[in-house]
Every structure is written in structure tokens, then in C-alpha cells.
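Trainee: Residue numbers (the working numbering), protein chains in the order written: chain A, 336 to 549; chain B, 336 to 549.
Note that the Cβ used here is the ideal one computed from N, Cα and C, for glycine as well.
Mind looking over this structure? Questions follow.
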DNA sequence: GATTTAAATTACCGATCGGTAGATAAATTG
DNA sequence: CAATTTATCTACCGATCGGTAATTTAAATC
């Protein structure tokens, strides 16, 4: 007979939308980097006062790690989710690259990628950031590789290059797009040789219906 | 009868080794990023006092731009120079990637790349940095593409994918290596699928002597 | 050697940095 | 309603930020 929500713990419950407020912090870090984002800019963007920030998220380093997770759960994994959602592997690769390009050049948002650009810069002096980046990359590679592996088993993809090589090639292209977007390249420029890149990963163009090959 | 060195301009001439001192600043920016490198850390690493830094290099933003040039002239262009120095195109691509991997993981130096990681982060709030990054990328792409174009003309490389597509693919791999090194990957890990990547750019392995194909 | 010119140093500037103590306000339980 | 618990805010902390004025030191020309 217990309600889905467990008993509230006595005092005043939270009122702020932690996720929404964190998203504003994420955007600020994304735009200015870890060191470049001051607490004043962060609190102004988040719409909360300084002590609220500290009780809700901890210090600046904690907030950055939280922002990294928030970003990873939305923008960061959007390419992978688009990839996994497509049935045909060439289309999946194409979707991965297209969503990455879009995320790197969303109007009104910072260019590039919080992970590839900002966090990687901060990683040199913050081991926690560096280790988390390594984890994220490994998980993404594993998810991509699993899908490639499935394609190989189903006979829709050659065994060479191996699944992890293909996965790494895709991640490399995503990282590169982030850096290029950050240096001013347009979305169209990032998309320019998309078909060619799809071929470089799967061995054939994306728009060819190869599902029935086996 | 004029000496090679023109007449000294009256007062005390410079005594510091500008290039050497700048190299220390470059390393500091490379390790900590633009915002992360404080003037105290910079002057300590450079071995000069604060006013000396200002008279010699201008303010922090000027110093960073100078560091960018210094880096570009050494580490940044090392892969391209290695590429241009090789006679066989597959070997050239291989050298490009190998030198990039080494530059991203030199023991005792910061990991990754000042351009791809640190400068790209700062580019979002510093238009001068962003514009310079775009220039550097364009020049590098042009130099690589010219070589690929020559190979096509000589019949040693197929016309597709085009020279600029191949060049961009190579630059993308370099950018990606920088991010990956920054997140802790070892030099060996960056080199892992080198042969496969060479094939992805030139269409065949590096160690195949293809010069006589035409 | 006297003069000139600038490099380099010491000491310091106001502003802003990240972070926090103490007071206030709000929403629950009993 | 009274009591309890905690979220939030105002105001402020010492430290450090990037940058500079005034001075001293050093190396050239004349």
C-alpha cells in the first residue's frame, strides 16, 4: 500500500528544478570552459544565489562534474542514440555524424563540445575529469563496437576493419567535428563530406539499401 | 659594405632569449589552458618578472597568441612537416599520424595539443583565437591537399575521394588524437590502428611500395 | 667617460576570484 | 497551530586575479 513516492523527510523539501538549473550551469561551462566560468557568471546564468549553488551541487569542481554528466546524458550521447536508433548501419553512421554536427553548431548554444573541448582542456590539471573522459570514451566505443559486431555476425559488414576500429573512427570524427566547430566552421562545412565519411566507416554509401545483402 | 646586422637603435638592446622564454609560456598555456594559466604561474615558468612580460609580449591575450604561433611553428606543424618530407604517400600519412601521436604524448610535456584542446576552448570567448585557429586549419588543409593532388596527377592516387577530403580526414585524425591523449590515452593506444587509418586515407597500406604503379 | 635609451625590478593597484558564516523564509510533520 | 527542518538569501571573508607606476640597472652611442 506504499505510495510510489517515499515519505518526505520532515523539513522543507527542495523547490528548485535541479536538472533545469544544472543545465544552465552546463551551458556556461560549455561556453567558457572550467576556469573561464566564474562563480558569478555561473550563478547569474543559473538564477540561484551562491550559497544555494554550494548546498545543492557542492563546490565548483563538483558542479563541473555534474555538468559533465548532465551534458553526457543529453548532447553528449545524442549521436550514439541516433546511431542505435537506425536499422541500417550506413544510415546509423550517417545519423551519428549528422547529430554530432548539429549538436556542435546549435544556434544560440556554445559551439563544439563540452567534453571534447572544455573538459579535455581541464583534464590536464583535474584527474577526476580526465578519468571520467576516459570512461565516457570507453563506454561510447563499446556501444558502437557492439553494434558493428552485430552487423558483422549478421553478414552485413565485413570483419575488417574490426568493430572497435570502426567505433574509434567514428568517435574520432565526432571529436574532430567539435574542435572544428569551435574554430568557427559552419554546420554545412562539418557536413560537407558526410557521405564519404560514412563510406570510410562502413565501406559503402549510406543510402544504399544493403540490409538484404545476406 | 653594410654588415648583415643593422645598426643597433641606441639604448640597451634586449638580453632575454625571447623564443626560449616564450616556449616556457607556451608550455604553461598548453598544460593549464588560457584561463587556467595565471600570470604568476606564467612568470614563474618563464623566469621573468611581470613587467618584463608585459613590455616584451604585451598582455595575457597577446602572450597567448604569441604562444599559439610559437606552438604552431614547432609542435603544431611537426606532423605536416613529417608528411611533406616523405616520398611515398602512404608513408607520409603514416608519418603524419605517428608524429602527431608522439607530440600528443611527449613525456614531461603536457598531453594533447595546445591548438586542438586549449585554444579551441578559449576560442568561444576570444574571436582572435577562433579566427587564428580557422586560418591554421585552412593552411594545413591546403598544404596536405596540394600533396594529395600531386599524387593524383602523378597517377599514384585515385581521384576519389578528393584531395581536400583526404586532407580533412587526416586533420580530423590529428584533432581526435589530441583529445584522446588529453583524456589519458597512451601513445601506444593512439598508434593502435595506424595502418588501418593510413589505408582509410590513401586506400592502401603504407608499407606497400606503390610508386611504380603508374 | 658622459649621455642616452631601454630592459628589468620592486612594490603596489582596484577588481574579482572561489568560498562561507549567520540570518531569513518556507514547507513539511505532529 | 506549533514545532521542526531545511532551502535560500544578504553580506562578507582572505586570497589571488590581471595589470601598472616609479625606480633601478645595464648596454649601447657619441
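1) With burial defined as no fewer than 16 other Cβ atoms inside 10 Å of the residue's Cβ, what is the status of residue 456(A): buried or exposed?
2) For a test of the three-state rule: what should DSSP assign to residue 419(A), helix, strand or coil?
3) Return the chain-ordered list of same chain residues with a C-beta closer than 6 Å to the C-beta of residue 377(B), the five sequence neighbours on each side being excluded.
4) Please name the residues in the segment 491-509 of chain B whose beta-carbon is closer than 9 Å to at least one beta-carbon of chain A, in chain order.
5) Write down the C-beta distance between residue 403(B) and residue 478(B) rounded to the nearest angstrom, noting that I regard them as a contact closer than 8 Å.
6) So residue 425(A) is in the alpha helix (DSSP H); what residue range does that whole segment cover?
7) Does the segment 421-438 of chain A touch the segment 383-402 of chain A, meaning 3 or more C-beta pairs lie closer than 8 Å?
8) With burial defined as no fewer than 16 other Cβ atoms inside 10 Å of the residue's Cβ, what is the status of residue 485(B): buried or exposed?
9) Shortest alpha-carbon distance to residue 463(A) belongs to which of 519(B), 421(B), 475(B)?
10) What residues in the segment 521-536 of chain B have a beta carbon less than 7 Å from any beta carbon of chain A?
11) With DSSP run on the structure shown, which of helix, strand or coil describes residue 339(B)?
12) Looking at chain B, which residues of the segment 355-370 of chain A have a Cβ within less than 9 Å of any of its Cβ atoms?
13) Are the beta-carbon atoms of residue 505(B) and residue 536(B) separated by less than 7 Å?
14) Among residues of its own chain, excluding the 5 on either side of residue 543(B), which ones have a beta-carbon nearer than 7 Å to its beta-carbon?
15) Among 529(A), 395(A), 496(A), 524(A), which residue has its Cα nearest to the Cα of residue 324(B)?
16) Grouping DSSP H, G and I as helix and E and B as strand, with all else coil, what is residue 534(A)?
17) Between which two residues does the alpha helix (DSSP H) containing residue 276(B) stretch?
18) For residue 406(A) and residue 398(A), what's the separation of their Cα atoms in angstroms?
19) Residue 459(A) to residue 489(B), Cα distance in whole Å?
20) Which residues, in order along the segment 443-455 of chain B, keep a beta-carbon less than 7 Å from a beta-carbon of chain A?
21) Whole angstroms is fine: what's the gap from residue 413(B)'s alpha carbon to residue 373(B)'s?
22) From the DSSP output, in three-state form, read off residue 450(A) for me.
23) Taking the alpha carbon of residue 482(B) as the point to measure from, which residue in 400(B), 444(B), 386(B), 418(B) has its own alpha carbon closest?
Mentor: From the atom records:
1) Taking the first residue of the first chain as 1, we reach residue 456(A) at position 121. Burial call: buried.
2) Start at 1 with the first residue of the first chain, and residue 419(A) comes out as number 84. Three-state result, residue 419(A): helix.
3) As a first step, residue 377(B) must be located in the second chain, where it is residue number 42. Here the set comprises 360, 363.
4) 495, 496, 497, 499, 500, 503, 504, 506, 507, 508, 509
5) For the purposes of this step, residue 403(B) is identified with residue 68 of the second chain, where counting begins at 1. For the purposes of this step, residue 478(B) is identified with residue 143 of the second chain, where counting begins at 1. Their Cβ separation, rounded to whole angstroms, is 18 Å, which puts residue 403(B) and residue 478(B) out of contact at 8 Å.
6) Sequence index remark: in the first chain, residue 425(A) carries index 90 (1-based). It spans 424-439 - the alpha helix (DSSP H) in which residue 425(A) sits, taken as one unbroken run.
7) no
8) The residue you call residue 485(B) lines up with position 150 of the second chain. Burial call: exposed.
9) Your numbering for residue 463(A) matches position 128 in the first chain. Answer by Cα proximity: 519(B).
10) 528, 531, 535
11) The residue you call residue 339(B) lines up with position 4 of the second chain. Here residue 339(B) scores only 35 on pLDDT, less than 50, and its place in the model should not be relied on; the value that follows carries that caveat. If DSSP states are grouped into helix, strand and coil, residue 339(B) belongs with coil.
12) 365, 366, 367, 368, 369, 370
13) For the purposes of this step, residue 505(B) is taken as the residue at position 170 of the second chain. For the purposes of this step, residue 536(B) is taken as the residue at position 201 of the second chain. A contact, by the Cβ cut-off of 7 Å.
14) Within the second chain, numbered from 1, the residue matching residue 543(B) stands at position 208. Because residue 543(B) carries a pLDDT of 43, less than 50, the predicted location of this residue cannot be relied on, and no value is offered for it.
15) Only positions 336 to 549 of chain B appear in the structure, and residue 324(B) is not among them; the question remains open.
16) Your numbering for residue 534(A) matches position 199 in the first chain. DSSP places residue 534(A) in helix when its eight states are reduced to three.
17) This structure does not reach residue 276(B), given that chain B is present from 336 up to 549, and the question cannot be answered.
18) Position 71 of the first chain holds residue 406(A). Position 63 of the first chain holds residue 398(A). Their backbone Cα atoms lie some 12 Å apart in a straight line.
19) Working through the first chain from its first residue, we reach residue 459(A) at position 124. Working through the second chain from its first residue, we reach residue 489(B) at position 154. So the two alpha carbons sit approximately 44 Å from each other.
20) 445, 446, 447, 451, 452, 453, 455
21) Position 78 of the second chain holds residue 413(B). Position 38 of the second chain holds residue 373(B). Their backbone Cα atoms lie some 28 Å apart in a straight line.
22) Translated into positions along the first chain, residue 450(A) becomes position 115. Residue 450(A): helix per DSSP, three-state reduction.
23) Along the second chain, one-based indexing puts residue 482(B) at 147. Considering only alpha carbons, the answer is 418(B).
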